[in-house]
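For this note's numbering, count along the sequence shown from 1 and bump the result up by 1173. Contents: one structure, followed by commentary.
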Amino acid sequence: MKKMLAATMAMMMAFSLTACSGNSNTAATTAAPAQDSGTEAPETKAEEPDSKEEGDEAAASGEGYTVALCNYSIGNSWRAQMEQEFIAEAERLKEQGVVSEYYITNSNEDINKQISDMQDLITKNVDAIVITAASPTALAPVVEEATEAGIKVISFDNVVDTDMQVATVGINEEEFGRIGAEWLAEKLDGKGKIVVLNGVAGTATDALRWGGAEKVFEQYPDIEVIASANASWDYAEGKAAMESMLSANPQIDGVWSQGGAMTQGAIDAFIAAGRDLVPMTSEGNNGAIRAWIENRDNGLSCIAPSNPTYTSAEALRVAIKALNGEDVPSNVVMEVSTVTEDNVDTYYREDMPDSYWVHTELDEETLAKLYK
């Protein structure tokens, strides 16, 4: 296996809630160290990592695995924190001798660049790749190419639509959409005019979350979707989209949003426009939760189903199990952790910035380096 690249990647790009811009890197990089912490396919619940079992085979061989994260974007704070969860888990596995080196690529939402990144990782002869894909279909051929080359491929978050991979890992994204939609329908007593804030068009997560919500709203003929926009799970785009919707629609009774940063932008847009706050679905983002808490006495109510940022670490753990020859189910389903009006105060962290995501495995030392 190749030696780890000498140059270390910068610990983190700036954590803003605005989308990433600029040219993507042209080659895979080895990540900087982080501190250790805490379809109808068969499903299993994600399990806690077992350090001893993971390390047995690699330790016996005297050589750790080479693994990679093929990422399509760190253009919002969830994705940036997700990447750091992978780094922390990879570093933990390096200390155990399970992993010898790891690579991280980022295509800045460029599908062709991500395909090229995958091909480069195949050339590097890595043992496993965990991928969050810019497109569930466009990345399928190169994932199949990697599988044919003997590489264990696990897709997570935005998964790849092919059977030629070891597994998919993540929450049930349709369930994410359903939870928020059912809550909103109940808050509105089954009637009213709502607007929709979706994520990045073309990604699996975006389609699945809205698909789950749409199935619910179809059961309520008196709920009318009067406007929708793709705002890329981003604060600035979410705020701008909501400003346009408020300008065009004198009556908005509810907001179904599939991202916390977008919801925070929507809240600020309502306040700036002098409009009464309405029920809004959200996500486990510290800024969105802060805005929720600060405005609940002004009539704001929310719910926040969440995709934990440590999904990347769980995908890596599944990859190690597959490399060790363990049986791995084709669909590893993680819990949709949900922040509610009853537990919201337990999740909010006043000492953390808005960009922090509350469902994490990162320890306090790593979080301090990232956010403070």
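Cβ atoms here follow ideal geometry from the backbone N, Cα and C, with glycine treated the same way. Since the structure is predicted, the reported quantities are computational estimates derived from the model, not experimental observations.
Supposed close pair I1476, I1352 - CB separation, criterion 8 Å: 7 Å
Element boundaries [beta strand (DSSP E), containing P1478]: C1475 to S1479
Among F1259, G1363, G1498 and I1288, nearest to G1333 - alpha-carbon criterion: Inspection of the sequence shows that residue 1333 is occupied by Val rather than by Gly. When each option's Cα is compared against that of V1333, the closest is I1288.
Three-state secondary structure assigned by DSSP to V1509: Reduced to three states, the DSSP call for V1509 is coil.
Inter-residue CB distance, T1533 and P1481 (contact presumed, cutoff 8 Å): 7 Å
N- and C-terminal bounds of the beta strand (DSSP E) containing R1497: The amino acid occupying residue 1497 in the given sequence is Asn; Arg does not appear at that position. That residue, N1497, is in no beta strand (DSSP E); it is neither H nor E in DSSP.
Residue from V1531, A1377 and V1509 whose Cα sits closest to the Cα of D1518: Of the listed residues, the one whose Cα sits closest to D1518 is V1531.
Check whether A1374 and N1403 have beta carbons under 7 Å apart: yes
Beta-carbon spacing of A1414, V1428 below 7 Å: no
Among I1425, R1448, I1327 and R1463, the one whose alpha carbon lies nearest that of Q1437: When only C-alpha atoms are compared, the closest one is R1463.
For G1343 and V1315, the rounded distance between their alpha carbons: Those two C-alpha atoms are separated by around 21 Å.
Euclidean distance between Cα positions of G1479 and Q1257: According to the sequence provided, residue 1479 is Ser. The question's Gly does not apply to it. Spanning the two alpha carbons is a distance of roughly 18 Å.
Sub-7 Å separation of L1450 and G1472 beta-carbons: yes
T1378: first and last residue of the uninterrupted alpha helix (DSSP H) it sits in: A1377 to F1390
Top-ranked residue by Cα proximity to N1504, from S1328, D1362 and N1468: Of the residues S1328, D1362 and N1468, the one whose Cα lies closest to the Cα of N1504 is S1328.
Three CB pairs or more closer than 8 Å across the stretch 1384 to 1391 and the stretch 1405 to 1420: no
Reduced DSSP secondary structure (H/G/I, E/B, other) of Y1520: helix
Same chain only: Cβ atoms within 6 Å of G1195, ignoring 5 sequence neighbours per side: With a pLDDT of 30 at G1195, under the threshold of 50, the predicted position of this residue should be treated as unreliable, though the coordinate-derived value follows. For G1195, where only same-chain residues beyond five positions count, there are no Cβ hits under 6 Å.
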